[in-house]
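To start, the structure under review is shown below, and the notes come after it.
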Amino acid sequence: MSTDSRHRTSVYFEVVLSITHLVGFITVCLNGYFFNTYRNGLGWPDRKLIKENALMGKRGDQLHAFLMFLGFIYFQGEALLAYRVYRYNAKMVSKLLHTVLHIGAIGLGATALVVIITATNYLGYDNFTSVHSWLGVCLLAVYLVQFSFGFFTFLCPCTPGSYRARLMPVHRAVGVSCLIVACVQCVLGFANMLLEDAPDCLGDLSCANRIEYVGGFSALFIVLYTLLVLALVIPVPWRREKTPDELK
0 MSTDSRHRTS VYFEVVLSIT HLVGFITVCL NGYFFNTYRN GLGWPDRKLI KENALMGKRG
60 DQLHAFLMFL GFIYFQGEAL LAYRVYRYNA KMVSKLLHTV LHIGAIGLGA TALVVIITAT
120 NYLGYDNFTS VHSWLGVCLL AVYLVQFSFG FFTFLCPCTP GSYRARLMPV HRAVGVSCLI
180 VACVQCVLGF ANMLLEDAPD CLGDLSCANR IEYVGGFSAL FIVLYTLLVL ALVIPVPWRR
240 EKTPDELK
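For the sequence shown, numbering that gives the first Met the number 0 gives the first residue as 0, with consecutive numbering after it.
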């Protein structure tokens with residue numbers, strides 16, 4: 000690749016990366032506002048409140064959704080970008096940031112799972128009775144396997160270098176697939192939340208606080224952020240380059 004071509008590629012990358020981080024920030028703000036405003040907002044399910052008002056028990060739905068979005072869309076997206084943002088720095092910087100963000104995503108996802116199970120039990124419903132819940136459990140299981148595989152294969156290498164090189168494409172493909180499935184899950188979750196016991200104003204777009212528009216844009220920005228992350232991590236020219244120390 001010529002110097003001019005490399006420079007143009009770098010400029011394009013920086014522009015798309017800046018847009019991606021801006022969209023990610025807006026997505027977090029939109030979803031935080033929506034989930035904290037819709038119905039009873041963010042909060043841990045409370046058994047005592049359910050006896051007084053069953054709708055209060057559904058408050059766990061909002062906390063579950065926000066934590067899942069934060070973990071499996073934003074944290075996972077930023078984890079994938081770690082090898083792009085710091086592609087000219089020492090590889091260990093990217094590795095550690097990648098690992099920490101994935102640990103955060105797993106922690107948020109596990110907490111979200113506890114929240115929704117607790118809320119469902121308090122309401123007397125059965126758990127794991129929908130396609131959304133089945134996909135969610137499968138995604139979390141695959142994510143844990145993917146993380147464990149990456150941790151012992153790449154961060155704390157227990158395998159030969161040639162073997163790791165052959166496994167890297169598989170690791171990348173599974174990581175990208177997890178992000179795509181997480182995006183689909185978020186859209187399904189939004190659909191369930193907006194259709195289940197939704198206030199009448201959502202149907203005719205007449206809510207006083209225009210929360211129906213905030214919810215719609217929140218879902219759209221989740222999809223947009225996911226597409227931008229994929230646009231950064233898939234192209235080969237934008238992959239991390241080996242530093243001089245690695246080439247020795």
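Ideal Cβ placement from N, Cα and C applies to all residues, glycine included.
Residue i in three-state terms, based on DSSP
{"i": "Ala104", "result": "helix"}
{"i": "Val15", "result": "helix"}
{"i": "Asn191", "result": "helix"}
{"i": "Phe153", "result": "helix"}
{"i": "Ala230", "result": "helix"}
{"i": "Ala207", "result": "coil"}
{"i": "Arg238", "result": "coil"}
{"i": "Thr128", "result": "coil"}
{"i": "Ala89", "result": "coil"}
{"i": "Tyr37", "result": "coil"}
{"i": "Asp199", "result": "helix"}
{"i": "Asn60", "result": "In the sequence as displayed, the identity of residue 60 is Asp instead of Asn. Asp60: helix per DSSP, three-state reduction."}
{"i": "Gly31", "result": "helix"}
{"i": "Gly123", "result": "coil"}
{"i": "Gly23", "result": "helix"}
{"i": "Val10", "result": "helix"}
{"i": "Gly42", "result": "coil"}
{"i": "Lys247", "result": "Confidence is the limiting factor: at Lys247 the pLDDT is only 48, short of 50, which leaves the residue's position unreliable and the question unanswerable from this model."}
Residue environment, residue i, which counts as buried when at least 16 other CB atoms sit within 10 Å
{"i": "Ala78", "result": "buried"}
{"i": "Ala164", "result": "exposed"}
{"i": "Pro44", "result": "buried"}
{"i": "Val130", "result": "exposed"}
{"i": "Leu107", "result": "buried"}
{"i": "Leu21", "result": "exposed"}
For residue j and residue i, believed in contact at Cβ under 8 Å, the rounded distance
{"i": "Ile72", "j": "Thr225", "result": "7 Å"}
{"i": "Gln75", "j": "Ala109", "result": "The pair is not a contact, with the Cβ atoms about 14 Å apart (cut-off 8 Å)."}
{"i": "Glu240", "j": "Tyr124", "result": "With 8 Å as the limit, Glu240 and Tyr124 do not qualify as a contact, their Cβ atoms being about 52 Å apart."}
{"i": "Asn39", "j": "Ser217", "result": "Not quite, the Cβ-Cβ distance comes to about 17 Å (not below 8 Å), so this is no contact."}
Query - Segment contact, 8 Å Cβ cut-off, at least three pairs: the region 227–234 with the region 163–182 - result: yes
**Report entry** Segment contact flag, the region 60–79 with the region 23–36, C-beta cutoff 8 Å, min 3 pairs
**Finding:** yes
Query - Contiguous alpha helix (DSSP H) assignments of at least 4 residues, all confined to the region 130–175 - result: 130–149
Query - Contact between the region 107–118 and the region 89–96 (3+ Cβ pairs under 8 Å) - result: The way I'd put it, the region 107–118 doesn't touch the region 89–96; fewer than three beta-carbon pairs between them come closer than 8 Å.
Requested in this report: Specify whether the region 127–135 and the region 79–91 touch according to this definition: at least 3 beta carbon pairs, one from each stretch, less than 8 Å apart.
Outcome: no
Query raised in the report: Can we say the region 143–156 touches the region 189–204, given the rule of at least three CB pairs closer than 8 Å?
Result: no
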